[in-house]
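Novice:
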Amino acid sequence: MTQYIASPLPSPLYIGTSAAARVWSIKHIRVSILGNLPISDLASNLKLSRDIFHDVARVLYRSMEYVNYEKVQKACTNVTRLRYYTNLVRHINLENNRQVYLNQNLFNAFPLLRSADRDDEHLILQDQSAGSSSDDPLSFTPTKVILWERYDDSMDIACGYYFRDLEEHKIPMEEWEVDRRIRYTHIYGEGNSYPFANEDPTSITDRFYKCWNEGTGLFDSIVDELDLSCVLPSRRLLREMTDISQRHKDGKDISMPRKLRLGISEEDHNSISLIEVFSGLLEELEMHHLTEPYGGQRSLTTTTIHSFFSRSLNWSIGNGNKLKSLNVLLKVEESFANTKGSLDGLNLDHNDKRHLLNLEKFTITLDFHQLPTSQKSLEGVLDRIPDMSQIAKGMIAIGGTGCVYTLDATGTDNDKEVGKVLTETLKVEMMRLWVDSPAEIGWERAKRKEN
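Residues in the sequence shown are numbered consecutively from 103, following my numbering.
1) Mapping DSSP to helix, strand and coil, what is residue 412?
2) Between the region 277–284 and the region 338–349, can you find at least three pairs of beta-carbon atoms closer than 8 Å?
3) Please state the DSSP three-state secondary structure of residue 321.
4) If we require 3 or more residues per run, which beta strand (DSSP E) segments fall completely within the region 332–407?
5) Should residue 378 and residue 427 be called a contact, given that it needs their Cβ atoms to be closer than 8 Å?
6) Once DSSP output is grouped into helix, strand and coil, what is the label at residue 495?
7) Can you have a look at residue 510 and say buried or exposed, based on whether 16 or more other CB atoms are within 10 angstroms of its CB?
8) CB-CB under 7 Å to residue 505, same chain, minus the five flanking residues each way: which ones, in chain order?
9) Roughly how many whole angstroms lie between the Cα atoms of residue 400 and residue 304?
10) Any contact of the region 272–279 with the region 255–262, i.e. 3+ C-beta pairs under 8 Å?
11) Looking at residue 501 and residue 411, is the spacing between their C-beta atoms short of 8 Å?
12) Please tell me whether residue 365 and residue 328 are closer than 8 Å, where the distance is taken between their beta carbons.
13) When the distance is taken between beta carbons, is residue 363 closer than 8 Å to residue 320?
14) On the criterion of 16 or more Cβ atoms from any shown chain inside 10 Å, does residue 224 qualify as buried, or is it exposed?
15) On a CA-only basis, which of 166, 170 and 190 is nearest residue 156? Give me that one, please.
16) Comparing alpha-carbon positions, which option in 264, 353, 355 and 435 lies nearest residue 477?
17) Assuming residue 160 is part of the alpha helix (DSSP H), what are its boundary residues?
18) Between the Cα of residue 534 and the Cα atoms of 352, 491 and 521, which residue gives the shortest distance?
19) For residue 494 versus residue 524, is the C-beta spacing smaller than 8 Å?
20) Which runs of the alpha helix (DSSP H) fall wholly inside the region 233–284 and span at least 4 residues, in chain order?
21) Whole-angstrom Cβ separation of residue 382 and residue 429, contact assumed at under 8 Å?
22) With distances taken Cα to Cα, identify the nearest neighbour of residue 215 among 503, 133, 405 and 187.
23) When you compare the CB positions of residue 202 and residue 168, do they come within less than 8 Å of one another, or not?
24) Is the Cβ-Cβ distance between residue 387 and residue 425 less than 8 Å?
25) To which residues of the same chain is residue 519 closer than 8 Å at the C-beta, ignoring the five residues directly before and after it?
26) So, helix, strand or coil for residue 130, using DSSP?
27) In whole angstroms, give me the CA-to-CA distance for residue 324 and residue 154.
28) Could you give the residue range of the beta strand (DSSP E) that holds residue 306?
29) Please report the straight-line C-alpha distance between residue 170 and residue 404, rounded to a whole angstrom.
30) What residue range does the alpha helix (DSSP H) around residue 522 cover?
31) Which of helix, strand or coil does DSSP assign to residue 142?
32) Assign residue 463 to one of three DSSP states: helix, strand, or coil.
33) Should residue 266 be counted as a contact of the ligand COA given a C-beta to heavy atom distance under 7 Å?
34) I need the straight-line Cα distance from residue 128 to residue 158, nearest angstrom please.
35) Would you give the residue range spanned by the alpha helix (DSSP H) that residue 185 belongs to?
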């Protein structure tokens, strides 16, 4: 007796037997494809087919600008259809609209809204209680939100109560439980804010480090990104960060930003020691050249490419490695013009695991500021770079295999163009290294033994 096995019904979107049709009939793949289309294409595809209307609408309206919502509101005269669209919105961007407030009314307009942006504010709705759904209508707990804020301040006021009064923003601070955090803060060096306008920059810096070590002022909060646009002497910075690292080891909770961007005046060739300490405190570290001095200090780089790769890095100094992205500033010397092989003989084996950080992104910014003006053209720059294959080996030894590598430049006639050429050359050398690398140990198909 012949038996027939029923096959599952095909998707209503499945038309034909081509491989493309089969892939398109798989919902999560289809939604992923739609999510990568430009907004204009999504809008035109909304009426293409009743079968994919819901998929396109979910992608199109999941995150939207408030100005676009106003256009939809005017164009859509059907109440049911408009409610359908607003129920799809999970994120809204108000831009600089001050007529719409980050309060209950916004969440009433978009019932399933989870987050909203306006200028320097980013509001995220949290789960309302541990024992119930965030949408539990029987929950009487106050609305809980995270409010990420952005600030731009001089160093002299970073140690007081840091948050601004948001009364005019109409955020219901009393009715809601608002967890205020700092998404980005830019600290610059001019001490021009009352009452510290005539204060010695050294005392301002002392107070800044004190509040950092004690976790007060700015550092009493969760800070995502800290941009220090003031030149800090590296010897003092290393001492302070070593103290903070030790406090972390001792179990004390001192706030550190996820990402730190800073300029230093390097002393004692100690930028490597700074990176070692920061590797246990930060996820992202970016060192850059600052043109404006502060307190008599100017950006200065003394660690060269050769000295950077010649030292055995010690990531155990910190509290275990947290670093995911690193941008280090290294000095280019005039003597490199006649020493293209100056990295030869160093231990740059990219299979050596002792130096490995397994970064996601690793950038070396070559500093040409100390070279004569006549040597800062693209041709002059390329004449002063050591063997690129050696740089590639050294970077891979630190960043690992799953890392994006970049070579940038500062202090040249055209930093952008120089960086582009250097990075392309670096990529070529890295590809050659991967191709020439011996096969790693792994599983191999067993061969049948012959009798």
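All residues carry an ideal CB built from backbone N, CA and C; glycine is no exception.
Specialist: To lay it out plainly:
1) Taking the sequence shown and counting its residues from 1, one reaches residue 412 at position 310. Helix.
2) no
3) For the purposes of this step, residue 321 is taken as residue 219 along the sequence shown, with counting starting at 1. Looking at residue 321 - three-state DSSP - the assignment turns out to be helix.
4) 361–367 and 386–389
5) In the sequence shown, counting from the first residue as 1, residue 378 sits at position 276. In the sequence shown, counting from the first residue as 1, residue 427 sits at position 325. It is not a contact, given that the beta carbons lie outside the stated cut-off.
6) On the sequence shown, position 393 is the one that residue 495 refers to. Helix, per DSSP.
7) Mapped onto the sequence shown, residue 510 falls at position 408. When all chains shown are included, residue 510 counts as buried.
8) Mapped onto the sequence shown, residue 505 falls at position 403. Excluding sequence neighbours, residue 505 sits near 461, 462, 463 and 464.
9) Indexing the sequence shown from 1 puts residue 400 at position 298. Indexing the sequence shown from 1 puts residue 304 at position 202. So the two alpha carbons sit approximately 14 Å from each other.
10) no
11) Along the sequence shown, one-based indexing puts residue 411 at 309. Along the sequence shown, one-based indexing puts residue 501 at 399. The answer is no: Cβ separation not under 8 Å.
12) For the purposes of this step, residue 365 is identified with residue 263 of the sequence shown, where counting begins at 1. For the purposes of this step, residue 328 is identified with residue 226 of the sequence shown, where counting begins at 1. The answer is no: Cβ separation not under 8 Å.
13) Within the sequence shown, residue 320 is the residue found at index 218, counting from 1. Within the sequence shown, residue 363 is the residue found at index 261, counting from 1. No, the pair does not count as a contact, with Cβ atoms beyond the cut-off.
14) As a first step, residue 224 is located in the sequence shown; it is residue number 122 there, counting from the start. Per the 10 Å Cβ criterion, buried.
15) Taking the sequence shown and counting its residues from 1, one reaches residue 156 at position 54. Nearest C-alpha to residue 156: 190.
16) Position 375 of the sequence shown, counted from the start, is the residue given in the question as residue 477. Of the candidates 264, 353, 355 and 435, the one whose C-alpha sits nearest the C-alpha of residue 477 is 435.
17) Residue 160 sits at position 58 when you count from the first residue of the sequence shown. First-last of the alpha helix (DSSP H) with residue 160: 155–164.
18) Looking up residue 534 in the sequence shown gives position 432. Comparing Cα positions, the closest option is 491.
19) By one-based count along the sequence shown, residue 494 stands at place 392. By one-based count along the sequence shown, residue 524 stands at place 422. Contact flag unset, no.
20) none
21) Stepping through the sequence shown from its first residue, residue 382 is reached at position 280. Stepping through the sequence shown from its first residue, residue 429 is reached at position 327. Rounded to the nearest angstrom, the Cβ distance from residue 382 to residue 429 is 18 Å, too far for a contact under 8 Å.
22) Your numbering for residue 215 matches position 113 in the sequence shown. Selected option, being the one with the closest Cα: 187.
23) Taking the sequence shown and counting its residues from 1, one reaches residue 202 at position 100. Taking the sequence shown and counting its residues from 1, one reaches residue 168 at position 66. The answer is yes: Cβ separation under 8 Å.
24) Taking the first residue of the sequence shown as position 1, residue 387 is located at position 285. Taking the first residue of the sequence shown as position 1, residue 425 is located at position 323. Taking 8 Å as the Cβ cut-off, residue 387 and residue 425 qualify as a contacting pair.
25) Position 417 of the sequence shown, counted from the start, is the residue given in the question as residue 519. Once the five neighbours on either side are set aside, the close Cβ partners of residue 519 are 480.
26) For the purposes of this step, residue 130 is identified with residue 28 of the sequence shown, where counting begins at 1. Helix.
27) Start at 1 with the first residue of the sequence shown, and residue 324 comes out as number 222. Start at 1 with the first residue of the sequence shown, and residue 154 comes out as number 52. In a straight line, the C-alpha of residue 324 is about 42 Å away from that of residue 154.
28) Within the sequence shown, residue 306 is the residue found at index 204, counting from 1. Premise fails: residue 306 lies in the alpha helix (DSSP H), 303–316, not in any beta strand (DSSP E).
29) Residue mapping note: residue 170 aligns to position 68 of the sequence shown, counting from 1. Residue mapping note: residue 404 aligns to position 302 of the sequence shown, counting from 1. Straight-line spacing of the CA atoms in residue 170 and residue 404 works out to 52 Å.
30) Position 420 of the sequence shown, counting from 1, holds the residue named residue 522. From DSSP, the alpha helix (DSSP H) with residue 522 extends over 517–538.
31) Translated into positions along the sequence shown, residue 142 becomes position 40. The answer is helix: DSSP assigns residue 142 an H, G or I state.
32) For the purposes of this step, residue 463 is taken as residue 361 along the sequence shown, with counting starting at 1. DSSP places residue 463 in the strand class (E or B) of the three-state scheme.
33) Only the bare structure without any ligand can be found here, which leaves the ligand COA out of the picture.
34) The sequence position of residue 128 within the sequence shown is 26, counting from 1. The sequence position of residue 158 within the sequence shown is 56, counting from 1. Using only the alpha carbons, I get a separation of about 14 Å.
35) Locating residue 185 in the sequence shown gives position 83, where the first residue counts as 1. 181–188 is the extent of the alpha helix (DSSP H) around residue 185.
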